[in-house]
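Residue numbers (the numbering used here): 1155 to 1417. Everything on this sheet refers to the single structure shown next.
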C-alpha cells in the first residue's frame, strides 16, 4: 500500500514537473516571439519613411519618363541631359540603398509571420525580380539590372554616419560620380537605358518600356503597403502610369499583393 502511494506521489510529481516545464517553455517561446515582433516593428518604423520616400521619388521619375515626354530633355541642352542622367541614376541608387539597408538591418523580417511583413517582403522581391529578369528580351532590356548590380549599387550608395547606415545625399553622389570612374561605371546601364528609351521615343519607334511600367506599378504597391492611409506619401505624385500588358501589380491583377512571377 505504501509502495502504491509512493508511486502515485512520484507520478504526480513527474506530471507536475512536465506541466511546469511545458508552461515555462511556452512562456519562453511566447516571450521570444513578442521580442522578435517588437524588434521588427521598431526597425520597420525606423526605416519605413526613408524607403517610402525613395519609392515615391523613383516611381514619380518613372511616371515622368513614361507619360510626360522626357525625350525633350534627352535631346535638350547638355545641362538638362546631364541632370536627367545623374538624377535618374541617383533615384535608382537611392531606392537600392534603402532596400539594402533594410535587408541588412532586418534579416529576420523575411521569416516573420506578420501578414504586413510578408506582403512587404513579397513586393520587394518582386521588384527585385522585375529589375533583373531577361524574360522581356532585347526590346525589354532598358533598365535591366542583375541582382548583383542591384546589391552593388545599394552598397556603394550607402554611407555610415555616427554609426547609422544612410543613403548618401545627392550632392555627395554628384561629387562621387564626377571624381570616381569606378563608382560611375555601376550606373552605365542606367545611362544607356535612358538614351535607348529617348531615342525610341524621338524616332516614334516601339518604346521598350514594359519593364518600367511594371516597376512603376509595383512601386505604387510598395508605397501603399508602407503608408496605406497616405499620411506620409504625397498623393499628388502617386499616379499609376498606363499599365504594361499582363501587369502583375495588386490593382491590375486584382490580388491583395503583386502576383509573384519569379524567385
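For glycine and all other residues, C-beta sits at the position ideal for the given N, C-alpha and C.
What residue range is occupied by the uninterrupted alpha helix (DSSP H) comprising residue 1383?
Translated into the one-based positions of the chain shown, residue 1383 becomes position 229. Looking at the DSSP string, residue 1383 is not in any alpha helix (DSSP H), and its letter there is neither H nor E.
Counted within 10 angstroms of its Cβ, other Cβ atoms place residue 1336 as buried (16 or more) or exposed
Here the question's residue 1336 lines up with position 182 in the chain shown. Residue 1336 should be labelled exposed.
For residue 1343, which of helix, strand or coil comes out of DSSP?
On the chain shown, residue 1343 is found 189 positions in, with the first residue counted as 1. Three-state DSSP puts residue 1343 in a helix.
Could you name the residues that DSSP lists as bridge partners for residue 1314?
Residue mapping note: residue 1314 aligns to position 160 of the chain shown, counting from 1. BP columns for residue 1314 point to 1319.
Select from 1234, 1204, 1373, 1218 the residue whose C-alpha is nearest the C-alpha of residue 1284.
As a position in the chain shown, residue 1284 is number 130, starting the count at 1. Nearest option by C-alpha distance: 1373.
Is residue 1392 helix, strand or coil by DSSP?
Here residue 1392 refers to the residue found at position 238 when the chain shown is read from its first residue. In the structure shown, residue 1392 sits in coil (DSSP, three-state: anything other than H, G, I, E or B).
Note down, in chain order, each residue of its chain lying with its Cβ closer than 7 Å to the Cβ of residue 1255, except the 5 sequence neighbours on either side.
Taking the chain shown and counting its residues from 1, one reaches residue 1255 at position 101. Cβ neighbours of residue 1255 beyond the five flanking positions: 1201, 1312, 1319.
Where residue 1326 sits in the DSSP three-state scheme:
Locating residue 1326 in the chain shown gives position 172, where the first residue counts as 1. In this structure, residue 1326 counts as helix in the three-state DSSP scheme.
Under the three-state reduction of DSSP, which class applies to residue 1358: helix, strand or coil?
Working through the chain shown from its first residue, we reach residue 1358 at position 204. The answer is coil: DSSP assigns residue 1358 none of H, G, I, E or B.
Can you give the Cα-Cα distance for residue 1257 and residue 1169, rounded to whole angstroms?
Taking the chain shown and counting its residues from 1, one reaches residue 1257 at position 103. Taking the chain shown and counting its residues from 1, one reaches residue 1169 at position 15. Distance between the alpha carbons of residue 1257 and residue 1169: 45 Å.
Could you check the C-alpha separation between residue 1306 and residue 1248 for me, to the nearest Å?
Locating residue 1306 in the chain shown gives position 152, where the first residue counts as 1. Locating residue 1248 in the chain shown gives position 94, where the first residue counts as 1. About 12 Å.
If you reduce the DSSP assignment to three classes, tell me which class residue 1290 lands in.
As a first step, residue 1290 is located in the chain shown; it is residue number 136 there, counting from the start. Residue 1290 falls in the coil class under three-state DSSP.
Exposed or buried, residue 1278, counting other C-beta atoms within 10 Å across all chains shown (16 or more means buried)?
In the chain shown, residue 1278 corresponds to position 124, counting from 1. Buried, because 16 or more other Cβ atoms sit within 10 Å of the Cβ of residue 1278.
Output yes or no for whether 8 Å exceeds the beta carbon distance between residue 1331 and residue 1237.
Looking up residue 1331 in the chain shown gives position 177. Looking up residue 1237 in the chain shown gives position 83. Cβ distance not < 8 Å, so residue 1331 and residue 1237 don't count as in contact.
Applying the 10 Å Cβ sphere with the 16-neighbour rule, what's the burial state of residue 1167?
Within the chain shown, the letter at position 13 stands for residue 1167. It counts as exposed.
Take residue 1203 as the anchor and find which of 1290, 1321, 1231, 1215 has the nearest alpha-carbon.
Working through the chain shown from its first residue, we reach residue 1203 at position 49. When only C-alpha atoms are compared, the closest one is 1321.
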